[in-house]
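Undergrad: Numbering (mature numbering (1 follows the signal peptide of the UniProt record, and there is no 0)), first residue to last: -19 to -1, 1 to 248. Glycine included, every Cβ here is placed at the ideal spot set by N, Cα and C.
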């Protein structure tokens, strides 16, 4: 009897979860309709593709547009993390649980936001030395403070940075060989095109990150194709995390001055 009751409880929970997903909040974005979930006072959309899978002919190419889909796309689960392919001669193995098909982003927004009010947006760029990490972490804390939080994945390791001359010459307007930065810019373009639909203000976007994410923030400040996609920037653990010899202290000071100058420009 206990086994039967336990089985019924499991079935009830499974059907409840399925029903919750089927009745979640829906939003129409440029590529189609997505259905998220509401947890407490936060609405969450996960695993939203912001570029086509960078595989096959799109490997080591700038991110390509997403193919629109029909019907409603489930956005209740994180997408795959990016394949963490390292730099060494024997680093060609893709780690289990990761994938080259990984250009997905996630959005957390207050479920209680008033209609017509455009909320500030913060875009988090994860760290990990450009060889690891992902955007698949919770942004509930930001949404609880009245901010829309967007996180993203970007290509890592040799798939994310590979400045082979013949490839770079095909796209001279893009950061040379820095496909990770191109992915980040594509995600920021997605924010500009879609965040208003989810209640965000595309004219009040802050990018932030630490470690490799902080380096990305500094880089995006200088890349022409990223201009106009965000208004504010916060970089953590960037210059101070680098090692400088005594003879290189002038370089460190110059980088710090450059950082302050760029942040002042952004207000």
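Would you call the segment 79 to 93 and the segment 111 to 129 touching, i.e. three or more CB-CB distances under 8 Å?
TA: Counting Cβ pairs under 8 Å, three or more are found: they touch.
Undergrad: With a threshold of 7 Å on Cβ separation, who are the neighbours of residue 191 within its own chain once the five nearest residues in sequence on each side are excluded?
TA: Locating residue 191 in the chain shown gives position 210, where the first residue counts as 1. Excluding residues within five positions, the ones whose Cβ falls inside 7 Å are 108, 217 and 218.
Undergrad: As a quick exercise: from 167, 56 and 153, pick the residue whose alpha carbon is nearest that of residue 26.
TA: The sequence position of residue 26 within the chain shown is 45, counting from 1. Comparing Cα positions, the closest option is 56.
Undergrad: Sort out for me which residues DSSP pairs residue 96 with in a bridge.
TA: Position 115 of the chain shown holds residue 96. In DSSP, residue 96 forms no bridge with anything.
Undergrad: I'd like the list of long-range same chain contacts for residue 34, defined as Cβ closer than 6 Å, with 5 residues on each side in sequence excluded.
TA: As a position in the chain shown, residue 34 is number 53, starting the count at 1. Here the set comprises 82.
Undergrad: To which residues of the same chain is residue 50 closer than 7 Å at the C-beta, ignoring the five residues directly before and after it?
TA: As a position in the chain shown, residue 50 is number 69, starting the count at 1. Within the same chain, residue 50 has close Cβ partners 12 and 13.
Undergrad: Which residues bound the beta strand (DSSP E) around residue 82?
TA: For this step, residue 82 is matched to residue 101 along the chain shown. Run containing residue 82: none; DSSP gives neither H nor E here.
Undergrad: Are the Cβ atoms of residue 43 and residue 31 separated by less than 9 Å?
TA: To locate residue 43, count along the chain shown from 1; it is residue 62. To locate residue 31, count along the chain shown from 1; it is residue 50. Their beta carbons are not under 9 Å apart, which means residue 43 does not touch residue 31 by this criterion.
Undergrad: By the three-class DSSP mapping on this structure, what secondary structure does residue 171 have?
TA: In the chain shown, counting from the first residue as 1, residue 171 sits at position 190. It is helical.
Undergrad: In angstroms with no decimal places, state the Cα-to-Cα distance between residue 153 and residue 181.
TA: Position 172 of the chain shown, counted from the start, is the residue given in the question as residue 153. Position 200 of the chain shown, counted from the start, is the residue given in the question as residue 181. Their Cα atoms are separated by approximately 33 Å.
Undergrad: Considering residue 130, what are the terminal residues of the beta strand (DSSP E) in which it resides?
TA: On the chain shown, residue 130 is found 149 positions in, with the first residue counted as 1. Here the beta strand (DSSP E) through residue 130 covers 129 to 133.
Undergrad: Evaluate residue 165 with the Cβ neighbour count: other Cβ atoms within 10 Å of its Cβ, from every protein chain shown; 16 or more gives buried, anything less gives exposed.
TA: By 1-based counting over the chain shown, the position of residue 165 is 184. With 16 or more other Cβ atoms within 10 Å, it is buried.
Undergrad: Is the separation between the beta-carbon of residue 58 and that of residue 78 shorter than 9 Å?
TA: Taking the chain shown and counting its residues from 1, the one referred to as residue 58 is at position 77. Taking the chain shown and counting its residues from 1, the one referred to as residue 78 is at position 97. Result no, Cβ atoms of residue 58 and residue 78 do not sit closer than 9 Å.
Undergrad: Residues in the same chain with beta-carbon distance under 6 Å from residue 201, minus the five sequence neighbours each way, listed in chain order, please.
TA: Here residue 201 refers to the residue found at position 220 when the chain shown is read from its first residue. Excluding sequence neighbours, residue 201 sits near 207.
Undergrad: Residue 214 bridges to which residues according to DSSP?
TA: The sequence position of residue 214 within the chain shown is 233, counting from 1. In DSSP, residue 214 forms a bridge with 188.
Undergrad: My guess is that residue 112 and residue 140 are in contact by the Cβ rule of under 8 Å, so how many angstroms apart are they, rounded?
TA: Within the chain shown, residue 112 is the residue found at index 131, counting from 1. Within the chain shown, residue 140 is the residue found at index 159, counting from 1. That belief does not hold up - the Cβ atoms of residue 112 and residue 140 are roughly 10 Å apart, past 8 Å.
Undergrad: Between which two residues does the beta strand (DSSP E) harbouring residue 26 extend?
TA: Counting from one through the chain shown, the residue named residue 26 turns up at place 45. Where residue 26 is concerned, the enclosing beta strand (DSSP E) stretches over 23 to 30.
Undergrad: Going by beta-carbon coordinates alone, are residue 21 and residue 6 separated by less than 9 Å?
TA: Numbered from its first residue, the chain shown carries residue 21 at position 40. Numbered from its first residue, the chain shown carries residue 6 at position 25. In this structure, residue 6 does not lie closer than 9 Å to residue 21 by Cβ.
Undergrad: Buried or exposed: residue 46, going by 16 or more other Cβ atoms within 10 Å of its Cβ?
TA: Indexing the chain shown from 1 puts residue 46 at position 65. With fewer than 16 Cβ atoms within 10 Å of its Cβ, residue 46 is classed as exposed.
Undergrad: Could you please give the first and the last residue of the uninterrupted alpha helix (DSSP H) stretch that includes residue 40?
TA: Along the chain shown, one-based indexing puts residue 40 at 59. Segment: none, residue 40 is in no alpha helix (DSSP H) and carries neither H nor E.
Undergrad: Between the C-alpha atoms of residue 146 and residue 41, what's the straight-line distance to the nearest angstrom?
TA: In the chain shown, counting from the first residue as 1, residue 146 sits at position 165. In the chain shown, counting from the first residue as 1, residue 41 sits at position 60. Looking at the two C-alpha atoms, the distance is approximately 12 Å.
Undergrad: Check residue 18 in the structure and name its three-state DSSP category.
TA: Here residue 18 refers to the residue found at position 37 when the chain shown is read from its first residue. Looking at residue 18 - three-state DSSP - the assignment turns out to be strand.
Undergrad: Kindly indicate the opening and closing residues of the alpha helix (DSSP H) around residue 54.
TA: Translated into positions along the chain shown, residue 54 becomes position 73. Run containing residue 54: none in the alpha helix (DSSP H); it sits in the beta strand (DSSP E), 53 to 55.
Undergrad: Rounded to whole angstroms, what's the CA-CA distance from residue 160 to residue 105? Just pull it up for me.
TA: Translated into the one-based positions of the chain shown, residue 160 becomes position 179. Translated into the one-based positions of the chain shown, residue 105 becomes position 124. Their Cα atoms are separated by approximately 18 Å.
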